[in-house]
Each structure stands twice: as structure tokens, then as C-alpha cells.
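Q: Sharing a structure below in C-alpha cells format, with a few things to ask.
In this note's numbering, the protein residues as written are 2 to 833.
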């Protein structure tokens, strides 16, 4: 097998550009037309951009090339775009769009779209590209669950449909007209994409081959996956070559999380989304004959190459999801080295690419798109100053086949938009004899901080909590848990820095916890939005949600730092206590500290944690890194008999205050820093952006009374923790992240922090019988919600329930009137 290199000095190109996000820039559309994202990047696509609602997971070009179809998570599963006028013609279909699977029949008269709820949609296609006569081709159930249709391919004669059965680990051949099952072939775990090459069906499998007896395994959607001993992630990806005549299946091992497939001649190109590579499979030899590393520079791990397409007879285009770019290669023959010609900037998180050869252009789908006008993601109709986290808009980028000059300019632009210039500084060797400072300039240099506490809370925006602090950029119109409810968080913001330009990088708990602990999110998780049919991995429980670069606690353990984790990423509890399916975490997990549940108060959690610390301090046993989950600010909404939202948040606030108070009165305070973040900000509104959130830093070295407008994200927090503890960055995202040096002073102030006793008494939501009108309707609806798991309750309903509980039954911003739960049924389902 050839492992071919590339030739382009991307690192050299970055050395002359500025970092992507200096100063106090805010998320959203900028004056130059670019967009700042909450992942700490900027987006400014080459070519022409078309915005659409939802999150596109796949793109298909009509054979005539005048329209393109998108498989869109959230809302209608299919969107049709006129490529000439660049207008959305149609959003249509019902059901939950899958992570892949969209194809026109060869004659262009039918379109097939995969769903995550047990079916494939078949549409008739009109002369103008519009779709009609939707038919649901039902798939056999997968045991107790609906089947998940993955990638699909239509036979050259248009009569047969080949569909990846993602939950059943099989390839189905259907009658394309009726959906009748004609044949079924077993393949590997979690089949993703399907491609036809003559009489062979090629299937990419993200979970690899079925585990052999005695092999280490972890789970994904109820299926064992061969896994690693460290973070329990999938150990390998595979491709199955299914002979459609004989039924024989050959399996070829490729890179991690194989996703998109492309065919040229006798070679299949496989985009390994978690492997930062493209594998080339020779169909005749049935083996990998070349592997192309696609990281644009050394150390750029996690760029998510998730789609690939041939460009003529010698070119290759690879979508780099996490770099917001496509890479263009000259690679006429896998037996020869590939040459990276350059990069082109796209919209936010490209995940599918098609080549429109007759018009000499690339058509790239991006899942998160650009910003919704006027300035931020998710501005609400009729209330443009309020935004929620769901405002990510997907779309298309149309780019002419690039010239050499366009690729040179594009490479420079991609480097600048991603802030890759910072990578060189992150890899500088530590200097000898450097005096300790709170945040060292180089990884491995000494820090005055020896103990880091990293606290993760749940789902609040900045304005919800600190909108009443006149020193920062808050808007009290969206305040819900002000100083009377959260006195300790307000006191932390006064005693230590007030940070009013901080953003969560994800959207919901399923990716929010990943960002907070991995400094990245796998392509697998990015594509689950809209259904999360394989599971909701906010707390683990899915081998395919874990990146090979690992977790923050693994990084610490690898570099001989002690770690203790309380609740975070713990996916279950058994007779021995709290457990995790992540082996490296399970070894350092506090068994007696509960995993996520709203049935345990944060006061009780803090009792457990402080009891441990009281025993550890005299023995010098406090870990270098302590990770703590404090989730009760998620709230119970209006569930009858449960604590009111104000009561939950007050409990959460008091617990956090007690932690900082205890630490500040302890012997380790002089060498301690506490970082407090939210996992996401989905359950509230903010006037700057729906991703803006609270963050608190408490330490003798944290600048007292500072009001800091510096742009920071969750990834910057991870990078700061790494810098303090001497840990190298894990991914391309924390590699170029900004250590939070503005927050710290060199001289300590060891004055203890004195927590404020809880001001709000414990209160519970009334029973429906005691209520009337809208209040009763909301109480009755809330009784049906699942609050044992984050985000299982319908998000838009829960957000309004919290608003009504706190602000009274006045209209939620953007609604115009008080809504009933039934008014939001379809919307809540679409956003779930």
C-alpha cells in the first residue's frame, strides 16, 4: 500500500497572516461580509453561496444540471435549489432526513431520499426540477427500532435501489418503483454510503467489521463495535465489496469513520472522516493501494474529510468539514504521489461535494451555512434582537473549477479564516529557566496553577443570567435568572472577570459536551442532527461519537497528570456506582457521584464533591485536573410537582458558590483555577447570538473586577486548561485556539471568596388541577416530557415553559402571543 504525501506549504502560507479572530469581534456577520462562527473560525466562501433552512447532509445534481437536491435535517427532508437563479424552489417531504442517502434516477425522472425513521422517499421530478407524488418506501424494521436508511444508489437501468440499512448492518436491494425487498446482504457495522461499480456494490462502514470473539468492544445503537482500549472509539473502518451476482462479500480495512465514496476507473476513493485521510481501494485486487493524508499541515488533526469526488481524469476534490474548505489534488494515478494544488473556502462545515462537469463548477453542501441576516445566527422573526442557538442555516457553495491563482488565493484565505498562523506558536518547545506564570506562553513551561477545576453546567445563555449586569453587554429583556436567583454567579462576575463575549461551540448537549471535552466533534455526530436516531451521546454510550484524538482527561493522563471526574460523560449507574463506557474515564470516575439526572440536587452533588476534597487535601491528593458536572440549571420546566426553574437554577448557583468558597478557604487556593462553562445555550435567548453564554473563571490569579470583551469559545477554555497543565493540543481546533491570557494577572490575590446563601426558597410547580387556561395546558403537556435525559423534552416547548414560569404568561420573544403547547407540536418535533 502506498501512503502518498502532498506538496503545498500551507504552514508557510499561514505564517504571514493574522489570527482569525483578534480582539473583541462578535459572532455573526461582519462588515466585510464574512461570518464569525462560535467555533472560533470565520467563513467567507469562494464562489456563490445559497442559503437554505435546515442542515444539508447530502447533495445530488439533477442529470440535466439545472437543479440540485439537498437532504436536509430539521424540517422538510428535501430541499430543491435552482442553480441558475440560486433560489430555493421547494422544501418538501415528511419524516426525518437521514445522515446520507440522496440520488436521482439516471433519467432524472425520480429522486430518492433516505430517512432515519424507517423508509426511503421516492419523488417524481418535473421538468422544472420540482418534486411531486412523494411515496414512502417502507423498510423492514430493525428489531424494536425503525430502520435507518443510509447512503443509497440507483442501478443504471433505474429499476433497483441499493440502500445501506444502518441499524441492521446490511445492504438492501429494493424494487425502485414499489420498495419491495429483493435481496439483502450482511455488511459491516453502521454502513454509511453506497456506490455501484459495475456488478459490485461498495459500502462504507463506520464501525468496521463485526468484532471477532475476544476482541474489545463498545456499543453503538445496540451493536457491538470493535473498539480501542483508551477512549472506547471504533478501532477501524471498513469497506464492503458486495458482488451483486454471487452474493459474496469482501471486506477491506480503510481509515476511521469512512464516509463518502467516489469512483474513478477501477479505484474507489474513500473519505475517512475521523482518519484525516482518503483510502484508495482497487476493486480488482480488493485491497487498499494508496492512502492520502489530507491534514493541511502537521498537527492539524480532526479536519473531517467527509466527502470526495473525482475532478476530471486527474483531479480529486475532498471536503474538509472542520476546515470549512475543500482541498483540490492532482492525482492521476494512485500508484504515483498526489499533489495538493490548494484549498478553497466554503460555507460552515461542508459535508458533501458534487462535480458539475458540463458547467465546470463544484457544488458543495455545507451543513451550517452562513448567518441569518441581519447580524447573528438565529435571529427571531419579528424580534431581530433575540437569537436562539438553532439559527444555523445550511446551504450550497457554487465554485468554478479553480485556476492556479484561485487556489493560491483560496489557500491563503482558508488559512487566515481558520487562524492557522497560531499553530506554529502552539508547537514551540518550552524554554528552560522560565519563571512560572498562570498561563505559560509555551506548552510545558511552568504554571503557578497546579489544580484546575473544570465545571460544566447546562443550557443557559449570557442574557438569561447576566443580562442585568450593567457592566457587560447584557439585555435585561431576555433575563430570566438574574441576581435574585443567581447571586453567586453575579458575585463571581464582580470579584473575578466578567466575560461577556464567550460562546458555546455546539448546538445541543449531544455536541456541546463533545466540544467541551474533545475540542472537536466527529462528522458522525454532526450528521445525526434532526433525528439522533442512533442515540443521543451527550454522556457517552456511542463508540462512533468519540474522536481518535481523545478526551481532555485522556490528554492529561497521557502526560502524567492526575485526574478525577465527577459525573461528566458518565452514561449509566449500576450496583457499583456511576460508570462510563469510555475506559480511560471509567478508571478516574467518582463512583459515588451521580451521572446526569435531574432527580438529584446540585446541593447533594456538592456535598459529595466537597466530602472528597476534604479527605484529599490533607493527603495532598487533590487531582491536577478535576472535571465536575453541575447540571441542574437545565431545569424541570413546568413539570408539575417538580422544582420550578427558578428553584433549580438557585440550587445550581448555590452549589457553584459553595465550591469556590470551599476552595478559596482551603490550603490549595493559592495554586488553583476554576473554569465554569455551559455545555450549550439552547434553552434561552440572547441579543448578541444564541451561542453566547456565561463563563466564570475563579482563581487568585483571575483579574479582580475585569470586564473582558475578548472573543472566547469553549475550545479556548480547553486550550487554556491544556496550557496550564502542560498538555499539547489534541485537534486542529485547540491547536489554534487562544489561551485566555487576558483573564489572568501575574500577582495573586488570595482573599477568600465568600458565597452568598441561597436567596430563593425551594418552590415547586403547581399541579394542573390548580390551574386554568394556558397555565393548565402547559402543566399537562409538561407531565409527558422525558427529563431523565438532556434534550429529550421538545426544545421549543421547554424554552417557552421556562419563559412562562419565570416571566409570567407574556409572549415569548418572536411569538406575538402566548402559545399553547399544541401550537408548537410540529415545530418542536422538527427541532428535536
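Quick reminder that beta carbons are idealized off the backbone N, C-alpha and C, glycines included.
Here the structure is a predicted model, which means the values were calculated and not measured.
Measuring only the C-alpha atoms, how far is residue 533 from residue 428?
A: Within the chain shown, numbered from 1, the residue matching residue 533 stands at position 532. Within the chain shown, numbered from 1, the residue matching residue 428 stands at position 427. Spanning the two alpha carbons is a distance of roughly 37 Å.
Q: Take the Cβ of residue 431 as the centre, count every other Cβ of all protein chains shown within 10 Å, and call the residue buried at 16 or more, exposed below.
A: Within the chain shown, the letter at position 430 stands for residue 431. Exposed: under 16 other Cβ atoms inside 10 Å.
Q: Would you kindly report the start and end of the unbroken alpha helix (DSSP H) that includes residue 1?
A: Lying before the first or after the last residue shown, residue 1 is absent from the chain, which here runs from 2 to 833.
Q: Are the beta-carbon atoms belonging to residue 275 and residue 320 less than 8 Å from one another?
A: Indexing the chain shown from 1 puts residue 275 at position 274. Indexing the chain shown from 1 puts residue 320 at position 319. No, the Cβ-Cβ distance between residue 275 and residue 320 is not below 8 Å.
Q: If you reduce the DSSP assignment to three classes, tell me which class residue 19 lands in.
A: Numbered from 1 along the chain shown, position 18 holds the residue referred to as residue 19. Confidence is the limiting factor: at residue 19 the pLDDT is only 38, short of 50, which leaves the residue's position unreliable and the question unanswerable from this model.
Q: Report all residues from its chain with a CB closer than 7 Å to the CB of residue 763; omit the five preceding and five following residues, and keep chain order.
A: Taking the first residue of the chain shown as position 1, residue 763 is located at position 762. The residues are 644 and 648.
Q: Do the CB positions of residue 581 and residue 570 come within less than 8 Å of each other?
A: For the purposes of this step, residue 581 is taken as residue 580 along the chain shown, with counting starting at 1. For the purposes of this step, residue 570 is taken as residue 569 along the chain shown, with counting starting at 1. Contact annotation: residue 581 and residue 570 have beta-carbon atoms nearer than 8 Å.
Q: Give every residue of the same chain whose Cβ lies closer than 6 Å to the Cβ of residue 610, excluding the five residues on either side of it in the sequence, and list them in chain order.
A: As a first step, residue 610 is located in the chain shown; it is residue number 609 there, counting from the start. Contacts found: 567.
Q: Around the Cβ of residue 736, are there at least 16 other Cβ atoms within 10 angstroms (buried) or fewer (exposed)?
A: For the purposes of this step, residue 736 is taken as the residue at position 735 of the chain shown. That one is buried.
Q: Are the segment 29-47 and the segment 703-711 touching by the rule of at least three beta carbon pairs closer than 8 Å?
A: no
Q: Please report the straight-line C-alpha distance between residue 825 and residue 800, rounded to a whole angstrom.
A: By one-based count along the chain shown, residue 825 stands at place 824. By one-based count along the chain shown, residue 800 stands at place 799. The alpha-carbon of residue 825 is positioned some 11 Å away from that of residue 800.
Q: Could you spell out the range, first to last residue, of the alpha helix (DSSP H) harbouring residue 525?
A: Numbered from its first residue, the chain shown carries residue 525 at position 524. 524-527 is the span of the alpha helix (DSSP H), which, as asked, contains residue 525.
Q: Could you compute how far the alpha carbon of residue 587 sits from the alpha carbon of residue 629?
A: Counting from one through the chain shown, the residue named residue 587 turns up at place 586. Counting from one through the chain shown, the residue named residue 629 turns up at place 628. Spanning the two alpha carbons is a distance of roughly 14 Å.
Q: Quick check on DSSP: helix, strand or coil for residue 607?
A: Here residue 607 refers to the residue found at position 606 when the chain shown is read from its first residue. Taken through DSSP and simplified to helix, strand or coil, residue 607 comes out as helix.
Q: Using a 10 Å radius around the Cβ and a threshold of 16 neighbouring Cβ atoms, would you call residue 211 buried or exposed?
A: If you number the chain shown from 1, residue 211 lands on position 210. Burial call: buried.
Q: Below 8 Å, how does it come out for the segment 62-70 and the segment 97-113: are there three or more Cβ pairs, yes or no?
A: Using a Cβ-Cβ distance cut-off of 8 Å, the segment 62-70 and the segment 97-113 are in contact, since at least three pairs of beta carbons, one from each stretch, lie closer than that value.
Q: As a quick exercise: from 730, 305, 460 and 396, pick the residue whose alpha carbon is nearest that of residue 92.
A: What you label residue 92 is simply residue 91 of the chain shown in a count that begins at 1. Per the Cα distances, 396.
Q: Does the Cβ-Cβ distance between residue 646 and residue 450 come in under 8 Å?
A: For the purposes of this step, residue 646 is taken as the residue at position 645 of the chain shown. For the purposes of this step, residue 450 is taken as the residue at position 449 of the chain shown. Cβ atoms of residue 646 and residue 450: not closer than 8 Å.
Q: Do you know how far the Cα of residue 308 is from the Cα of residue 336?
A: By one-based count along the chain shown, residue 336 stands at place 335. By one-based count along the chain shown, residue 308 stands at place 307. In a straight line, the C-alpha of residue 336 is about 21 Å away from that of residue 308.
Q: Look at the Cβ atom of residue 281, then the Cβ atom of residue 498, and state whether they are nearer than 8 Å.
A: Translated into the one-based positions of the chain shown, residue 281 becomes position 280. Translated into the one-based positions of the chain shown, residue 498 becomes position 497. Cβ atoms of residue 281 and residue 498: not closer than 8 Å.
Q: Roughly how many angstroms separate the alpha carbons of residue 303 and residue 518, rounded to a whole number?
A: Along the chain shown, one-based indexing puts residue 303 at 302. Along the chain shown, one-based indexing puts residue 518 at 517. Their backbone Cα atoms lie some 14 Å apart in a straight line.
Q: Once DSSP output is grouped into helix, strand and coil, what is the label at residue 146?
A: Start at 1 with the first residue of the chain shown, and residue 146 comes out as number 145. In the structure shown, residue 146 sits in a strand (DSSP, three-state: E or B).
Q: Need the endpoints of the alpha helix (DSSP H) that residue 628 sits in, please.
A: Residue mapping note: residue 628 aligns to position 627 of the chain shown, counting from 1. Counting along the chain, residue 628 falls outside any alpha helix (DSSP H), though it belongs to the beta strand (DSSP E) covering 626-630.
Q: Going straight from the alpha carbon of residue 680 to that of residue 752, what length do you get?
A: Counted from its first residue, the chain shown places residue 680 at position 679. Counted from its first residue, the chain shown places residue 752 at position 751. Cα to Cα, the separation comes out at about 29 Å.
Q: Tell me whether residue 805 sits in a helix, a strand or coil according to DSSP, three-state version.
A: The residue given as residue 805 occupies position 804 in the chain shown. Helix.
Q: In its own chain, which residues sit with a C-beta less than 7 Å from the C-beta of residue 743, not counting the 5 before and 5 after it?
A: Mapped onto the chain shown, residue 743 falls at position 742. Cβ within range, chain order: 709 and 711.
Q: Counting only runs of 4+ residues fully inside the segment 500-551, write out the alpha helix (DSSP H) ranges in chain order.
A: Annotation: the segment 500-551 contains the following complete segments of the alpha helix (DSSP H) (minimum length 4 residues), in chain order: 510-519 and 524-527.
Q: Looking at C-alpha atoms only, which residue of 241, 398 and 338 is the closest neighbour of residue 365?
A: Within the chain shown, residue 365 is the residue found at index 364, counting from 1. Comparing Cα positions, the closest option is 398.
Q: In chain order, which continuous runs of the beta strand (DSSP E) of length 3 or greater are located wholly inside the segment 13-92?
A: 49-53, 56-62, 68-74 and 79-83
Q: Determine the DSSP secondary structure at residue 479, reduced to helix, strand or coil.
A: Here residue 479 refers to the residue found at position 478 when the chain shown is read from its first residue. Shown here, residue 479 sits in a helix according to DSSP, grouped into three states.
Q: Using 8 Å as the threshold, is the C-beta distance between residue 189 and residue 241 below it?
A: What you label residue 189 is simply residue 188 of the chain shown in a count that begins at 1. What you label residue 241 is simply residue 240 of the chain shown in a count that begins at 1. Yes, they are a contact pair.
Q: Could you name the residues of the same chain whose beta carbon sits closer than 6 Å to that of residue 355, not counting the 5 residues immediately before and after it, in chain order?
A: Translated into the one-based positions of the chain shown, residue 355 becomes position 354. Correct list, in chain order: 60, 62 and 364.
Q: Are residue 722 and residue 553 close, meaning C-beta to C-beta below 8 Å?
A: Locating residue 722 in the chain shown gives position 721, counting from the first residue. Locating residue 553 in the chain shown gives position 552, counting from the first residue. Yes, the pair counts as a contact, with Cβ atoms nearer than the cut-off.
Q: Buried or exposed, going by whether 16 or more other CB atoms sit within 10 Å of the CB of residue 714?
A: For the purposes of this step, residue 714 is identified with residue 713 of the chain shown, where counting begins at 1. With 16 or more other Cβ atoms within 10 Å, it is buried.
Q: Any idea if residue 622 is buried or exposed, counting beta-carbon neighbours within 10 angstroms, 16 or more meaning buried?
A: Position 621 of the chain shown, counting from 1, holds the residue named residue 622. Exposed: under 16 other Cβ atoms inside 10 Å.
Q: Tell me residue 253's beta-bridge partners as DSSP assigns them.
A: Walking along the chain shown from the start, residue 253 turns up at place 252. 240.
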